[in-house]
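Asks: The structure is given below, and queries will be raised subsequently.
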Amino acid sequence: MLSLKKHFSFSQNLLDDAIAFPSGNFVEMNDWLYELNHVGLKIVQTQLVEIGGKEVSIATYDGDGASQELVIASENPVDLGNYESIMLLHQELFVALHHAFQQSDAVHYLPIEMVVAIRSSLEVGVDPANVSRLKDIAVDARIRVKRGVWIARNHVTAFEKAPVDWRALGM
Amino acid sequence: MENKLVIRELREIASVPNGLDEKILLQIQENLAVEVMRLYKHDFIVLMRRQKQEQTPTLEAERERNEFFSGRLQAEYRNRTLGGNGFSLPFYVEVAENFYKLEIGRHLQTIRDYLAQGRMSMEVNHEISAYKLRSVDADMRDMAHRVADSLNAMNQSLDRLSRVNTKSAVVVADKLRKEMGDTVQKFSDDGFSQVLLAEALTLAEAKRRLADLEKEPIDFAVPVH
Chain A
1 MLSLKKHFSF SQNLLDDAIA FPSGNFVEMN DWLYELNHVG LKIVQTQLVE
51 IGGKEVSIAT YDGDGASQEL VIASENPVDL GNYESIMLLH QELFVALHHA
101 FQQSDAVHYL PIEMVVAIRS SLEVGVDPAN VSRLKDIAVD ARIRVKRGVW
151 IARNHVTAFE KAPVDWRALG M
Chain B
172 MENKLVIREL REIASVPNGL DEKILLQIQE NLAVEVMRLY KHDFIVLMRR
222 QKQEQTPTLE AERERNEFFS GRLQAEYRNR TLGGNGFSLP FYVEVAENFY
272 KLEIGRHLQT IRDYLAQGRM SMEVNHEISA YKLRSVDADM RDMAHRVADS
322 LNAMNQSLDR LSRVNTKSAV VVADKLRKEM GDTVQKFSDD GFSQVLLAEA
372 LTLAEAKRRL ADLEKEPIDF AVPVH
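Protein chains in written order, with this note's numbering: chain A, 1 to 171; chain B, 172 to 396.
See the structure below:
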């Protein structure tokens, strides 16, 4: 397991509130900056690390300068499982969304985009045979992931301009 | 709109040539920003509520919020740099080490996830061969390239970690390089992963060499005999 240094990087209060999930698992949690900017539910992929003798999870994003954040109990994180278990559990939806991503503008997709799309499909209870609805969900998942990464790279602006004009940012 | 440095000390250090990586300076800021947001969440919400009640004009509201957040971010940065004065090299080194360790872990996880996805596609389409599946599925066709990119990104992170100028960073980088090799080997526990990883490793090497060649200046000098 990775061991991280904590001398400057982590507040003890937040470390006390931090919790651990198996490495690689996706976690859904509350984030008021997401709410302010109408991004919807926050889903992140986590890594299990050790900081100052405590096992905790850190959320990381695919983008330069994006924050690496502790997963804390007060944001009500819910374990969604790892990519393989999510695909296995929702195999029919995975296959349908896999085609939906390919038929939308995306030739390929990131695992997190698929997880967000599966989670959204379950939330609205879409039929895996409803191709056009799944295509919309796939496109929406890509947008939501992009917006999440933008927030993780621009916290001050995301608060200052909330709600951010996503169209003006090309998202 | 790209992210920019708002912490004064970090902005100043980024404005002069010194070999420090601006990416790490931004990382210090955004990691700190998340903590500030969480530590002062109540104060942020009170400010938002007041602005809503008073119907503060947009520009004025944005200015207030920026001052509020930047002020707390600046104060938190100073608290953590112990002396509270100027730029902290130990803080920079710690964030750089943590950042690259997590980046390596993230890229390894990405490879693991792509392999799982490939295996799942094979399982779902068990009636057709892997070769045929690749010819009809753009995502499968592209997968070796994406795994190769993750392998290269991981190597790049290891190189950068070695360059963080401390003995411990070099030791950590060497240890991680070994662990990374062992972990990638462990991924090849089935026929599909073995073939995909072998192809990705060859592709990764080719991409690295191509990138190196592109970096090398072309020598137009005429040889003198």
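All C-beta atoms, glycine included, are put in the ideal place defined by N, C-alpha and C.
The structure presented is a predicted model; accordingly, all values stated were derived computationally and were not measured.
1) Taking just the CA atoms, how far does A:Leu110 sit from B:Gly257?
2) In chain order, what are the residue ranges of uninterrupted alpha helix (DSSP H) at least 4 long that sit wholly in the segment 1-79 of chain A?
3) Quick one: what's got a C-beta closer than 6 Å to B:Ile216's C-beta in the same chain, skipping five residues either side?
4) Using 10 angstroms around the beta-carbon of B:Tyr263, count the other beta-carbons present and answer buried if the total reaches 16, otherwise exposed.
5) In whole angstroms, what is the alpha-carbon distance linking A:Gly81 and B:Glu387?
6) Going by other Cβ atoms of all chains shown within 10 Å of its Cβ, with 16 needed for buried, is B:Ala377 buried or exposed?
7) Which chain B residues sit within Cβ distance under 9 Å of A:Arg153?
8) Establish whether the CB of A:Leu33 and some CB of chain B are separated by less than 9 Å.
9) Go through its chain and collect everything with a Cβ distance to B:Gln414's Cβ below 6 Å, but skip five positions before and after it.
10) Give the list of continuous alpha helix (DSSP H) stretches no shorter than 4 residues that lie fully inside the segment 96-154 of chain A.
11) Check whether chain A comes within 9 Å of B:Pro261, counting only Cβ atoms and requiring the distance to be less than that.
12) Is it the case that the Cβ atoms of B:Val318 and B:Ala382 are separated by a distance below 9 Å?
13) Could you tell me which chain A residues have their CB closer than 8 Å to the CB of B:Asn323, listed as they occur along the chain?
14) Put A:Gly170 into one of helix, strand or coil per three-state DSSP.
15) Below 6 Å CB to CB, which residues in the same chain sit around B:Glu225 once its five sequence neighbours on both sides are set aside?
16) Buried or exposed: which applies to B:Met314, given that a residue is buried once 16 or more other Cβ atoms fall within 10 Å of its Cβ?
17) Flag this pair as yes or no: are the beta carbons of A:Lys146 and A:Met171 separated by less than 9 Å?
18) When DSSP labels each residue in this structure, what does B:Gly257 get in the three-state scheme?
19) I need the boundaries of the alpha helix (DSSP H) containing B:Ser300, first residue and last residue.
20) So what does DSSP say about A:Gly81, is it helix, strand or coil?
Replies: The answer reads as follows:
1) 40 Å
2) 12-17 and 32-36
3) none
4) buried
5) In this structure, the CA atom of A:Gly81 is about 45 Å from the CA atom of B:Glu387.
6) exposed
7) Glu173, Asn174, Leu197 and Glu201
8) yes
9) Any question about residue 414 of chain B goes unanswered here, given that chain B covers just 172 to 396.
10) 111-124 and 131-153
11) yes
12) Between B:Val318 and B:Ala382, the gap from beta carbon to beta carbon reaches 9 Å or more.
13) The premise fails here: B:Asn323 is roughly 15 Å from chain A at the closest Cβ pair, so nothing lies under 8 Å.
14) DSSP places A:Gly170 in coil when its eight states are reduced to three.
15) none
16) Classified as buried, B:Met314 has 16 or more neighbouring CB atoms from the shown chains inside 10 Å of its CB.
17) yes
18) Looking at B:Gly257 - three-state DSSP - the assignment turns out to be coil, as it is neither helix nor strand.
19) That residue, B:Ser300, is in no alpha helix (DSSP H); it is neither H nor E in DSSP.
20) strand
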